[in-house]
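Here the structure is laid out as structure tokens; the discussion comes afterwards.
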Amino acid sequence: MADSSKFRLNGSEVAVTSAADTPLLYVLSDELKLQGPRFGCGLAQCGSCSVLVDGVELRSCVTPLSAVAGKTVTTLEGLPALHAASKGLAKVPEYTPLQQALIDTQAIQCGFCTNGIQIKATELLSKNPAPSEQDIRTAMNGHLCRCGTYPKIIAAIQQAARSMGGKA
Amino acid sequence: MNTVTLNRRTLLKAGGTLVISFPLLPALAQTRTPAAGPPDARQIDSWIAINSDNTATVYLGFVELGQGCSTALLQVAAEELDLAMTQVSTVRHDTNITPNQGGTYSSAAMHRGAPQVQRAAAEARQALLALAAQRLQLPVDRLRVENGIVSGRGDDNASVTYGELIGDKQFKLAFTGTAPLKDPATYKLVTKPLPRNDIPLKAKGSYAFMQHQRLPGMLHGRIVRPRGQGAYKDGVQIVSVDAASIAGIAGAKVLRQGNFLGVVAPREWDAVRAAQQLKVQWRQPANLPGNADLFKRMQASAPDDRVARDEGDLAAIKTAAVTSEFTGYGPYQAHVPFAPNCALADVKGDGALVLCSSQDIYNTRTNVSALLGLKPEQVRVQYHDGAGTFGHSCWDDVAQAAALMSQLCGAPVRVQFMRWDEHGWDTYGPAHLGKVKASATADGKLLTYEYHGWQHHWALIETTEQSGKGTAAAEWPAMSAMQINPLVLGGQYKIPNIKLVNHHVPGVDYLKGAWLRSPLDLAMAFASEQAIDDLAFKLGRDAYEFRLQNMVDEHWIGVLQAAAKAANWQARPSAKNLSKAEVVTGRGIGLGTHLASWGGAVAEVEVNRKTGMVRVLHIAGAIDAGRVVNPSNVENQLIGQLTQAASRMLHEEVTFNTTNVTSLDWSTYPILRFAEAPRITPVIVQRIQDEPLGAGEEVMAAAAAAIANAFFDATGKRMDRFPFTPERVLATLG
Ligand code: FES
Ligand code: FES
């Protein structure tokens, strides 16, 4: 069994001291001081804490550290590098196409939910490069936005898909 | 260097940017007092500083809530100063630095904030031109300014920059508010949809929210309370605490003062676990009515009547051709920001620093200092934004909790509410019961209108103070937003005989209340606009045309027409030729506002008559908010408030039994999600020559009414309470 205190985070190996049963969210936000994954409910209900584990969206608030031992974790901070790697870009861009689309469409109000929104949308676009509006609504339905920015987020995901070459 | 005087002059020398390095913060305790705010709002220097690099720092008293006001207020300042957007910036809200413009509520940032910032900037520009005239030896009327560079008109090519004229020095000028303002027709920045300055960092995740703030030596704190509040007057009542129950968690400590209980630990997860594992016995009196008996008790317990409007004679109803009587029930609804509130406090013997998400930092300073036994000047409060809060959520309560816990343990403490704390101990938007009776003549003129509204006021004492100091629960004294709103209740129309009666329910016997985006307006418009709609129906008239015939105010007419046009409204009587299909659709219209501005909305809904599921398909919402400084921000505000209005009409209701609230998370208090999010068509009625008004909440009431009227159009039945849950819908459809 892999050492429960080691995993790959945004491209580098990390070793942490939190106990193995600590929810990953607290390892990332409290011990490692990352700003991407953030507390929203602690109950797997909102998506605020989402991260990618081996490319799959996962709620870090209910996932013990031991569950990601030896795996690859990507947080909001690692999305530009992940995008560069997946597209074989020589340089890591300042913003991912999705981030650029969120900025272009001003699809952020308070911006607190954007972590989970981006993590889930990244997972969606990796599986379905040209999602329909319905695909987006279905995929994103487990993520809340209390500010009610849903229509603009849907438009931003569509714009990101187009700029990444997917034809929706 | 281990001390820093964070007064305004130091900021200016540092290039106008507030750079706070946390290791220096403890030293602030000694230097805080001289700079304790608010800075004198009658001085131009309290508002604007020109830096030597020819940029300006604008001190704003309104906070960024994701509504974009920090960008829009800078647009106003840059416009009046003739600076580019890249030349203006602002600093963090801080009681030792920024002016007190009152709280950022009632959509006040632009309404109250923009005129002050605009006038201060105009006056600064006037002073700068006088200095330039001297320097360039030209009369003021021969000068022109572009990007802070003053030069002569025509062939006078000498020039001087603002920075050269006064950079890093004070104006030392009284703010008189008398400088002439620019002609709006010449605006270059104001009215332009400029992108918000906070969005790129938020998109990247590098924007530090309140929840990301840390101080050295800080402990993580959690409050410990029963899951879900009871009656406000009962507060928190501890019978016993078994501190040994968390002995197994290293470093975790119980903190208690009176009935205030919390835990701290060096690691966050340990604090979370300790709060969950701590064994506490509570006393929880069964003093609430429970959802089932709420409105009955409210109506029985409110003898305190106040007539808010009384014109003409309601007896005219005798001559009416049609009458409509309707009782509407609006539930308690919660703010529940996406992330629970968080605060960080460092309380030393003679001073305190509090970082929090208060929408009114000066008021928070007052209540925190009282709790700690300090003078207001000894407490410094800084604003850091958290998740969108939509009114008075738990930000004062959490700031008080962090301050009290820091005082009790002698270390900085960061408190984040858990989801059940935020849901269960919110100061909710109060429930409202409205009874309306209206009538019209045969030729479609509104004749009489009578409304009685029941609700309680807002909670004045936060739960931390109530439990920690023993302060008794108390309500705010009456203010307009806590009572029936004449603008929403018939104020849209010309009605010769009208009477509005307010019934104040004693709030300490109910849940804690506070302002929630468009306070009470959704429930009032829900009742009132359904009665108006019913009159049109009974006369066989189109709901839009009937309203238009009874309107005289050009603002109301403007938003009604704009919403109808955006929704491609087809005139016909509502609920005629009802479909027998399983899924039916309808469209409805409504008018409403909060305390200023005007809102009109058209909604299209779909009702599944078999399952009782209702979906809002589309809302066109029009606002007239005077001069809209940044249309892109207002468009976002419209999308947000209309989506939230749909959420509040379809899903949101705080549930409680006789002892406590049972809405404790997103499954027991569901909100609208992606799959059912309506399409939104935001419409701005731009009035460039008028002063800006609020735009953060003023179309919600109209949308609530439009949704209810659309339900009627689809089904021929009227919902008398919201949210429209499947059970209620099926019961109404019969
Ligand atoms: S914080 Fe993990 S899903 Fe809400
Ligand atoms: S932007 Fe505020 S929760 Fe989504």
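So the sequence lines, in the order shown, correspond to chains A and B. Using the numbering used here, read the first sequence as starting at 1 and increasing by one per residue. Using the numbering used here, read the second sequence as starting at 169 and increasing by one per residue. All residues carry an ideal CB built from backbone N, CA and C; glycine is no exception. Please read these numbers as outputs of a predicted model, since none were measured by experiment.
Cβ-based neighbour list, residue i, same chain, cut-off 6 Å, excluding 5 preceding and 5 following
i, result
"N639 (chain B)", "A small correction: the amino acid at residue 639 (chain B) is Thr; Asn does not occupy that position in the sequence shown. Correct list, in chain order: I629 and E633."
"E697 (chain B)", "G758 and A873"
"M386 (chain B)", "P580 and R582"
"E493 (chain B)", "K605"
"R451 (chain B)", "Q405 and V407"
"Q198 (chain B)", "In this prediction, Q198 (chain B) has a pLDDT of 25, which is less than 50 and means its spatial position is unreliable; what the coordinates show is noted afterwards. So the list is empty, once near-sequence residues are dropped."
"P499 (chain B)", "A599 and E821"
"V547 (chain B)", "A520, R533, V536 and S537"
"L196 (chain B)", "A caution first: L196 (chain B) carries a pLDDT of 29, below 50, which makes its placement in the model unreliable, though a value can still be read off. Taken in chain order, the list of residues that qualify is empty."
Residue i burial status per 10 Å Cβ neighbour count (16 or more: buried)
i, result
"Q812 (chain B)", "buried"
"I218 (chain B)", "buried"
"M647 (chain B)", "exposed"
"I856 (chain B)", "exposed"
"E314 (chain B)", "exposed"
"A160 (chain A)", "buried"
Rounded separation between residue i and residue j - CA only
i, j, result
"V92 (chain A)", "A81 (chain A)", "5 Å"
"S220 (chain B)", "D336 (chain B)", "6 Å"
"F39 (chain A)", "L539 (chain B)", "28 Å"
"C41 (chain A)", "R293 (chain B)", "49 Å"
"Q45 (chain A)", "T223 (chain B)", "45 Å"
"K543 (chain B)", "L25 (chain A)", "39 Å"
"K340 (chain B)", "L297 (chain B)", "15 Å"
"T826 (chain B)", "L249 (chain B)", "58 Å"
"T359 (chain B)", "P799 (chain B)", "6 Å"
"A246 (chain B)", "Q284 (chain B)", "13 Å"
"D262 (chain B)", "D366 (chain B)", "18 Å"
"V409 (chain B)", "V392 (chain B)", "11 Å"
"A326 (chain B)", "Q35 (chain A)", "50 Å"
"E618 (chain B)", "R474 (chain B)", "13 Å"
"T329 (chain B)", "V51 (chain A)", "49 Å"
"G592 (chain B)", "G862 (chain B)", "30 Å"
"M138 (chain B)", "V490 (chain B)", "In this structure chain B extends from 169 to 902, so residue 138 (chain B) is not present and cannot be described."
"N141 (chain A)", "A155 (chain A)", "15 Å"
"V829 (chain B)", "S686 (chain B)", "23 Å"
Within chain B, the residues that residue i reaches when beta carbons sit closer than 7 Å
i, result
"L43 (chain A)", "R587 and D833"
"Q99 (chain A)", "A371 and K372"
"E77 (chain A)", "G373"
"G40 (chain A)", "F506 and A507"
"T138 (chain A)", "A843"
"G11 (chain A)", "Ordered by position in chain B, no residue passes the 7 Å Cβ test against G11 (chain A), which lies about 15 Å from the chain."
"N141 (chain A)", "R841, F842 and A843"
"P23 (chain A)", "W437"
Interface residues of chain A facing residue i [CB-CB closer than 7 Å]
i, result
"K370 (chain B)", "I108, G111 and T114"
"S525 (chain B)", "Result: empty, since nearest Cβ-Cβ is about 10 Å, beyond 7 Å."
"Q584 (chain B)", "F39"
"F377 (chain B)", "F112"
Residue i beta carbon near ligand 1 (any heavy atom closer than 7 Å)
i, result
"F112 (chain A)", "no"
"F377 (chain B)", "no"
"G430 (chain B)", "no"
"Q45 (chain A)", "yes"
Under 9 Å by beta carbon: chain A residues contacting residue i
i, result
"E895 (chain B)", "None at all; the shortest Cβ gap to chain A is about 22 Å."
"T811 (chain B)", "C145, C147, G148, T149, Y150 and P151"
"P664 (chain B)", "Ordered by position in chain A, no residue passes the 9 Å Cβ test against P664 (chain B), which lies about 39 Å from the chain."
"S800 (chain B)", "Q106"
"H380 (chain B)", "S29, K33, Q35 and R38"
Proximal residues to residue i (C-beta, below 8 Å), its chain only, five neighbours per side dropped
i, result
"L914 (chain B)", "Since the first and last residues shown for chain B are 169 and 902, residue 914 (chain B) lies out of range."
"R886 (chain B)", "F494, Q698, D702, A876, F879, F880 and T900"
beta-carbon residue i near ligand 2 non-hydrogen atom, thresh 7 Å
i, result
"G559 (chain B)", "no"
"F842 (chain B)", "no"
"I108 (chain A)", "yes"
Residues that residue i contacts on chain B, provided the C-beta gap is smaller than 9 Å
i, result
"D30 (chain A)", "H388, R435, E436 and W437"
"S50 (chain A)", "Those do not exist, as S50 (chain A) stays about 12 Å from chain B at its closest Cβ, beyond 9 Å."
Proximal residues of chain B, C-beta to C-beta of residue i below 8 Å
i, result
"L102 (chain A)", "I367 and A371"
Chain A contact residues for residue i, given Cβ-Cβ distances below 8 Å
i, result
"S815 (chain B)", "G148"
7 Å Cβ shell around residue i - same chain, five flanking residues per side excluded
i, result
"K401 (chain B)", "A641, V676 and D677"
"H671 (chain B)", "A470, D472, D473, H620, G621 and W622"
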